[in-house]
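Engineer: According to this note's numbering, the sequence shown is numbered sequentially starting from 4. Structure provided below as structure tokens; questions to follow.
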Amino acid sequence: MSDSQLNQPSIRGRSQARLAMLGKGLAAGVLVWPAFAFAQLPGDLLISGARGWCVARAGDAAAPTDKVIAAACDGSDPRQRWVFDAAAVQPASDPALCLSGRPGDGGALALAACDSRSGTQPWTLAEQGLHLGEAALTLSRDNKLVVVATNDAGFEPRWTRLSELAARVDAGRSVVIQYPIAATDTASLELERARHVVNQLTPPDEPLPAPRDVSAFPGEVPADAPRVTETVSLDRRFTRFSHVGWSQKPKNWLATGLYAPAGEVVTVTASDDAAALAGVSLRIGANTDVIARTKPGETVDRYASVSLAVPLKPGVNRVRSQYGGLVIVESAGSANVTLPLTIAGAVKAPRFRLGTDSNADWALARNNPAPWAVLEGDKALLVVPSSQVRELEDAQSVMKAYDTAQQAAMDLAGFDGSSSLHPRLHGRQWFVEDRQISVGYGHAGFPIMTRLDWRLASVDAATNWGVMHETGHNYQALCLWAARYGLESTVNLIPLYVAETLRGRPALIGTLRFSRAIAKLGPGFDFDRNADKDDKLVFLAQLRYAFPDLGWALFRQLNRRYRELPASGQRAICASEARQTDTLLELLSDVVGRDLSSHFLNWGVPVSAGALSRVRSRGLPAPSFPTWLVNPE
Numbered sequence: 004m005s006d007s008q009l010n011q012p013s014i015r016g017r018s019q020a021r022l023a024m025l026g027k028g029l030a031a032g033v034l035v036w037p038a039f040a041f042a043q044l045p046g047d048l049l050i051s052g053a054r055g056w057c058v059a060r061a062g063d064a065a066a067p068t069d070k071v072i073a074a075a076c077d078g079s080d081p082r083q084r085w086v087f088d089a090a091a092v093q094p095a096s097d098p099a100l101c102l103s104g105r106p107g108d109g110g111a112l113a114l115a116a117c118d119s120r121s122g123t124q125p126w127t128l129a130e131q132g133l134h135l136g137e138a139a140l141t142l143s144r145d146n147k148l149v150v151v152a153t154n155d156a157g158f159e160p161r162w163t164r165l166s167e168l169a170a171r172v173d174a175g176r177s178v179v180i181q182y183p184i185a186a187t188d189t190a191s192l193e194l195e196r197a198r199h200v201v202n203q204l205t206p207p208d209e210p211l212p213a214p215r216d217v218s219a220f221p222g223e224v225p226a227d228a229p230r231v232t233e234t235v236s237l238d239r240r241f242t243r244f245s246h247v248g249w250s251q252k253p254k255n256w257l258a259t260g261l262y263a264p265a266g267e268v269v270t271v272t273a274s275d276d277a278a279a280l281a282g283v284s285l286r287i288g289a290n291t292d293v294i295a296r297t298k299p300g301e302t303v304d305r306y307a308s309v310s311l312a313v314p315l316k317p318g319v320n321r322v323r324s325q326y327g328g329l330v331i332v333e334s335a336g337s338a339n340v341t342l343p344l345t346i347a348g349a350v351k352a353p354r355f356r357l358g359t360d361s362n363a364d365w366a367l368a369r370n371n372p373a374p375w376a377v378l379e380g381d382k383a384l385l386v387v388p389s390s391q392v393r394e395l396e397d398a399q400s401v402m403k404a405y406d407t408a409q410q411a412a413m414d415l416a417g418f419d420g421s422s423s424l425h426p427r428l429h430g431r432q433w434f435v436e437d438r439q440i441s442v443g444y445g446h447a448g449f450p451i452m453t454r455l456d457w458r459l460a461s462v463d464a465a466t467n468w469g470v471m472h473e474t475g476h477n478y479q480a481l482c483l484w485a486a487r488y489g490l491e492s493t494v495n496l497i498p499l500y501v502a503e504t505l506r507g508r509p510a511l512i513g514t515l516r517f518s519r520a521i522a523k524l525g526p527g528f529d530f531d532r533n534a535d536k537d538d539k540l541v542f543l544a545q546l547r548y549a550f551p552d553l554g555w556a557l558f559r560q561l562n563r564r565y566r567e568l569p570a571s572g573q574r575a576i577c578a579s580e581a582r583q584t585d586t587l588l589e590l591l592s593d594v595v596g597r598d599l600s601s602h603f604l605n606w607g608v609p610v611s612a613g614a615l616s617r618v619r620s621r622g623l624p625a626p627s628f629p630t631w632l633v634n635p636e
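Printed below as a string of structure tokens:
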């Protein structure tokens with residue numbers, strides 16, 4: 004929305020009047036929304052400072068012993084409404100009950116009859132948090148409410164009432180904030196957070212209290228771009244494979260090829276079957292990273308949290324994102340059902356689907372008006388600014404290259420569908436460009452996030468080191484062996500494999516990394532103290548060259564051998580660094596059919612006497628040459 008639109012009296016007046024009503028009731032601890040908002044629900048929301056979750060009653064009706072949980076904030080949900088006084092937090096629907104908890108109960112919260120003498124109920128809400136004596140309320144990593152001592156690791160002190168945020172937005176309505184924002188400019192960051200939360204909790208049919216200027220990011224949709232209605236189908240049959248120490252990262256996300264304009268309502272008409280919709284959400288915006296910067300010299304370069312996910316309900320769902328974004332349908336679980344969903348009010352994004360669209364189709368689709376584009380293969384999906392692909396002619400070759408590279412990664416990890424332990428994995432790796440990401444220059448996970456200058460939409464990018472490095476992280480069996488032998492070393496087996504097999508460039512050869520690593524070896528060399536990340540990669544890569552009959556299949560078989568261990572054995576390995584150290588020696592020796600003890604010992608790996616004995620008892624011959632000196636350079 005432009006500055007001129009922001010200053011239109013009709014919008015400005017309605018927003019200011021609404022904010023004034025939001026801010027009222029602060030002293031009384033009661034927030035009454037206008038009738039057009041949340042049906043005059045009494046009470047206030049209690050919102051976590053860092054993650055935007057709210058305190059909520061678990062049951063539909065307030066009752067003693069009713070559990071209190073964290074839930075995605077919803078201003079229309081009466082279970083999230085609370086009244087605050089000097090010494091208690093009470094459900095707005097029943098002031099005879101009080102929030103009760105103590106650390107000694109495992110930190111769980113519940114409702115109980117109010118009792119001023121109880122040591123479990125005298126809560127104090129202050130800038131430093133919601134306190135219960137020397138304890139305080141926090142969110143666990145899995146978004147569970149717990150009462151902990153304030154000096155516990157991971158303590159999240161910030162809890163804010165919605166009415167406070169609304170008052171802050173009202174007071175700062177004339178303040179213009181420019182990005183990037185310095186991490187030390189806490190006033191601007193706090194105001195932006197308040198605007199974000201208040202906008203997000205405003206009913207979709209009411210004006211946004213603080214309309215967003217998205218011209219810089221995520222991008223504007225032309226006012227004259229046609230708003231369309233399309234029906235898509237979500238296949239909920241999806242298995243996310245996992246074992247002890249590893250879980251598949253791709254999720255069941257459906258790219259619709261549609262884009263929701265910032266501040267506009269899109270409607271999603273869903274089935275009336277609530278069971279079929281359980282776990283299905285509409286997401287607007289693929290840029291899921293939440294940006295937080297705290298150190299002097301750092302900056303927040305874009306709106307901190309631009310992706311919105313809303314659970315779908317039977318019938319018509321009206322959803323608005325203050326920032327806009329690609330429309331995605333996601334399923335949190337598997338079900339034997341295919342759901343038709345009709346989406347209206349969005350615009351078309353540039354979209355290419357390998358196997359469905361030709362390059363001639365793409366030549367038309369690349370001009371669709373949305374500011375972000377989607378290119379889809381069978382095993383990979385790219386989300387990039389539309390400006391990067393307006394001139395792209397051969398989208399087909401790009402996505403074929405990505406599919407080939409991602410298949411290679413899956414091959415090295417040993418997933419071939421030969422058994423239930425080595426299935427063909429469902430889903431696609433999503434690669435999403437962004438103006439700023441949460442950590443690093445790129446990071447793994449789902450989606451895999453990169454900076455804009457990665458320029459993902461090219462044949463060359465599909466197999467480059469950065470793309471395959473982040474892919475490699477998604478395949479690491481961390482606590483089984485990958486972390487013990489170097490998180491940033493073992494990950495690079497996949498980009499090494501792709502560089503050699505698909506790019507025809509053995510990436511380490513010619514860099515002198517083998518030579519430099521070997522020169523370090525000798526009496527007193529310690530793998531943990533003296534080997535850097537390149538050395539640790541050489542330690543593994545030497546075996547690929549030492550046993551050419553196996554080559555890269557060595558690591559494919561290694562990954563499979565770990566998965567074939569019983570779950571109890573996997574758990575035992577993950578629980579013990581010593582077992583992680585030893586098991587790699589034992590499994591690699593089995594895979595190559597040679598006693599690799601000398602290789603590990605000359606690299607200064609602290610394998611145990613027991614592991615050396617177990618390998619010796621197998622009767623495997625030692626290699627006929629010093630594998631730790633193998634140098635293909």
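Yeah, the Cβ is synthetic: ideal placement off N, Cα and C, and Gly gets one too. Just so we're clear, the structure is a prediction, and the values are computed from it rather than from any experiment.
#1: Among the candidates Ala-614, Pro-45 and Gly-513, whose CA atom is the shortest distance from the CA of Ser-96?
#2: May I ask which residues mark the beginning and end of the alpha helix (DSSP H) holding Tyr-639?
#3: Reducing DSSP to helix, strand and coil, say where Phe-434 ends up.
#4: Tell me, please, whether the region 412–432 touches the region 346–358 by the rule of three or more beta-carbon pairs shorter than 8 Å.
#5: Using a Cβ-Cβ cut-off of 7 Å (strictly less than) and excluding sequence neighbours within five positions of Thr-297, which residues of its own chain qualify?
#6: DSSP state of Gln-409, grouped into three classes?
#7: How long is the line joining the alpha carbons of Ala-625 and Ala-486, rounded to whole angstroms?
#8: For the alpha helix (DSSP H) containing Ser-627, name the first residue and the last one.
#9: Considering Cα atoms alone, identify which of Asp-304, Ile-521, Leu-623 and Asn-477 is closest to Thr-630.
#10: Output the boundary residues of the beta strand (DSSP E) element that contains His-476.
#11: Please work out which residues of its chain come closer than 6 Å, Cβ to Cβ, to Gly-445, disregarding the five sequence neighbours upstream and downstream, and give them in chain order.
#12: Enumerate in chain order the residues of its own chain whose CB-to-CB distance from Asn-477 is below 6 Å, with the five nearest sequence positions on each side excluded.
#13: Which residues share a DSSP beta bridge with Gly-132?
#14: Buried or exposed, going by whether 16 or more other CB atoms sit within 10 Å of the CB of Ala-174?
#15: How many Å lie between Tyr-405 and Val-462 at the Cα?
#16: Quick check on Ile-512: does DSSP put it in helix, strand or coil?
#17: At 3 residues or longer, and completely inside the region 269–308: list those beta strand (DSSP E) runs for me, N to C.
#18: Could you name the residues of the same chain whose beta carbon sits closer than 6 Å to that of Thr-466, not counting the 5 residues immediately before and after it, in chain order?
#19: Pick out whichever of Pro-372, Asn-339, Ser-389 and Val-313 has its Cα sitting closest to the Cα of Thr-270.
#20: Do you know offhand how far Val-35's Cα is from Gly-318's?
#21: Can you pull the DSSP bridge partners for Asp-152?
#22: For a test of the three-state rule: what should DSSP assign to His-446, helix, strand or coil?
#23: Mapping the DSSP letters down to three states, classify Phe-517 as helix, strand or coil.
#24: What span of residues does the beta strand (DSSP E) with Lys-147 cover, start to end?
#25: Since Ala-258 contacts Leu-315 with CB under 8 Å, what's their CB separation in whole angstroms?
#26: Does the pairing of the region 221–230 with the region 331–350 give three or more beta-carbon distances under 8 Å?
#27: Would you tell me roughly how many angstroms separate the C-alpha atoms of Ala-464 and Thr-123, rounded to the nearest one?
#28: State the Cα-Cα distance for the pair Arg-519 and Phe-558, rounded to the nearest angstrom.
#29: Could you tell me the boundaries of the alpha helix (DSSP H) in which Lys-536 lies?
#30: DSSP on Asn-320, reduced to helix/strand/coil?
#31: Please classify Ser-601: does DSSP put it in a helix, a strand, or coil?
#32: According to DSSP, simplified to helix, strand and coil, what is Ser-620?
#33: Beta strand (DSSP E) containing Ile-331: first to last residue?
#34: By a C-beta neighbour count over all protein chains shown, 10 Å radius and 16 as the cutoff for buried, is Val-179 buried or exposed?
#35: In chain order, what residues of the same chain have a beta carbon less than 8 Å from the beta carbon of Ser-423, not counting five sequence neighbours either side?
#36: What three-state label does DSSP hand Trp-375 in the structure shown?
Structural biologist: Taking the definition as stated:
#1: Stepping through the sequence shown from its first residue, residue 96 is reached at position 93. That would be Pro-45, whose Cα lies nearest to the Cα of Ser-96.
#2: In the structure displayed, the chain extends from 4 to 636; residue 639 sits before or after that span and is not available.
#3: What you label residue 434 is simply residue 431 of the sequence shown in a count that begins at 1. Strand at Phe-434.
#4: no
#5: The residue you call residue 297 lines up with position 294 of the sequence shown. Cβ neighbours of Thr-297 beyond the five flanking positions: Ala-186.
#6: For this step, residue 409 is matched to residue 406 along the sequence shown. Gln-409 falls in the helix class under three-state DSSP.
#7: As a working mapping, residue 625 is identified with position 622 in the sequence shown. As a working mapping, residue 486 is identified with position 483 in the sequence shown. Spanning the two alpha carbons is a distance of roughly 27 Å.
#8: Mapped onto the sequence shown, residue 627 falls at position 624. Taken as a continuous stretch (DSSP letters only), Ser-627 belongs to no alpha helix (DSSP H), as it is neither H nor E.
#9: By one-based count along the sequence shown, residue 630 stands at place 627. Ranking Asp-304, Ile-521, Leu-623 and Asn-477 by Cα distance to Thr-630 puts Ile-521 first.
#10: The residue given as residue 476 occupies position 473 in the sequence shown. Careful: His-476 lies outside any beta strand (DSSP E), inside the alpha helix (DSSP H) at 468–478.
#11: Here residue 445 corresponds to residue number 442 of the sequence shown, with the count starting at 1. So the qualifying residues of the chain are Thr-453, Gly-469 and Glu-473.
#12: Residue mapping note: residue 477 aligns to position 474 of the sequence shown, counting from 1. If you ignore the 5 residues before and after Asn-477, its C-beta comes within less than 6 Å of the C-beta of Lys-252 and Ala-447, all in its own chain and listed in chain order.
#13: Residue mapping note: residue 132 aligns to position 129 of the sequence shown, counting from 1. DSSP, once it has assigned bridges, lists Ala-129 as partnering Gly-132.
#14: Counting from 1 along the sequence shown, the entry for residue 174 is found at position 171. Taking every protein chain shown into account, the CB of Ala-174 has fewer than 16 other CB atoms within 10 angstroms, so this residue is exposed.
#15: As a working mapping, residue 405 is identified with position 402 in the sequence shown. As a working mapping, residue 462 is identified with position 459 in the sequence shown. Rounded to the nearest angstrom, the two C-alpha atoms are 8 Å apart.
#16: Reading the sequence shown from its first residue, position 509 is the one you call residue 512. Of the three classes helix, strand and coil, the one that applies to Ile-512 here is coil, per DSSP.
#17: The region 269–308 contains these whole beta strand (DSSP E) runs: 283–287.
#18: For the purposes of this step, residue 466 is identified with residue 463 of the sequence shown, where counting begins at 1. Only Ala-408, Val-501, Leu-505 and Arg-506 meet the Cβ criterion.
#19: Indexing the sequence shown from 1 puts residue 270 at position 267. Selected option, being the one with the closest Cα: Val-313.
#20: Here residue 35 refers to the residue found at position 32 when the sequence shown is read from its first residue. Here residue 318 refers to the residue found at position 315 when the sequence shown is read from its first residue. In this prediction, Val-35 scores a pLDDT of 29, lower than 50, which makes its location untrustworthy; no coordinate-derived value is stated.
#21: As a first step, residue 152 must be located in the sequence shown, where it is residue number 149. According to the sequence as given, residue 152 is Ala; it is not Asp. Ala-152 pairs with Ala-138.
#22: Locating residue 446 in the sequence shown gives position 443, counting from the first residue. Reduced to three states, the DSSP call for His-446 is strand.
#23: Residue mapping note: residue 517 aligns to position 514 of the sequence shown, counting from 1. DSSP places Phe-517 in helix when its eight states are reduced to three.
#24: As a position in the sequence shown, residue 147 is number 144, starting the count at 1. From DSSP, Lys-147 is part of no beta strand (DSSP E); its letter is neither H nor E.
#25: Translated into the one-based positions of the sequence shown, residue 258 becomes position 255. Translated into the one-based positions of the sequence shown, residue 315 becomes position 312. The Cβ separation is near 16 Å, so there is no contact.
#26: Cβ pair count under 8 Å is three or more, so yes.
#27: Against the sequence shown, residue 464 aligns to sequence position 461. Against the sequence shown, residue 123 aligns to sequence position 120. Their Cα atoms are separated by approximately 57 Å.
#28: Position 516 of the sequence shown, counting from 1, holds the residue named residue 519. Position 555 of the sequence shown, counting from 1, holds the residue named residue 558. Approximately 24 Å, taken between the alpha carbons.
#29: Counted from its first residue, the sequence shown places residue 536 at position 533. Note, Lys-536: alpha helix (DSSP H), 536–549.
#30: Working through the sequence shown from its first residue, we reach residue 320 at position 317. Here Asn-320 sits in strand by DSSP.
#31: To locate residue 601, count along the sequence shown from 1; it is residue 598. Of the three classes helix, strand and coil, the one that applies to Ser-601 here is helix, per DSSP.
#32: Counting from one through the sequence shown, the residue named residue 620 turns up at place 617. Helix, per DSSP.
#33: Mapped onto the sequence shown, residue 331 falls at position 328. That run of the beta strand (DSSP E) goes 328–334.
#34: As a position in the sequence shown, residue 179 is number 176, starting the count at 1. Flag for Val-179 reads exposed.
#35: Within the sequence shown, the letter at position 420 stands for residue 423. None.
#36: Here residue 375 refers to the residue found at position 372 when the sequence shown is read from its first residue. Trp-375 falls in the strand class under three-state DSSP.
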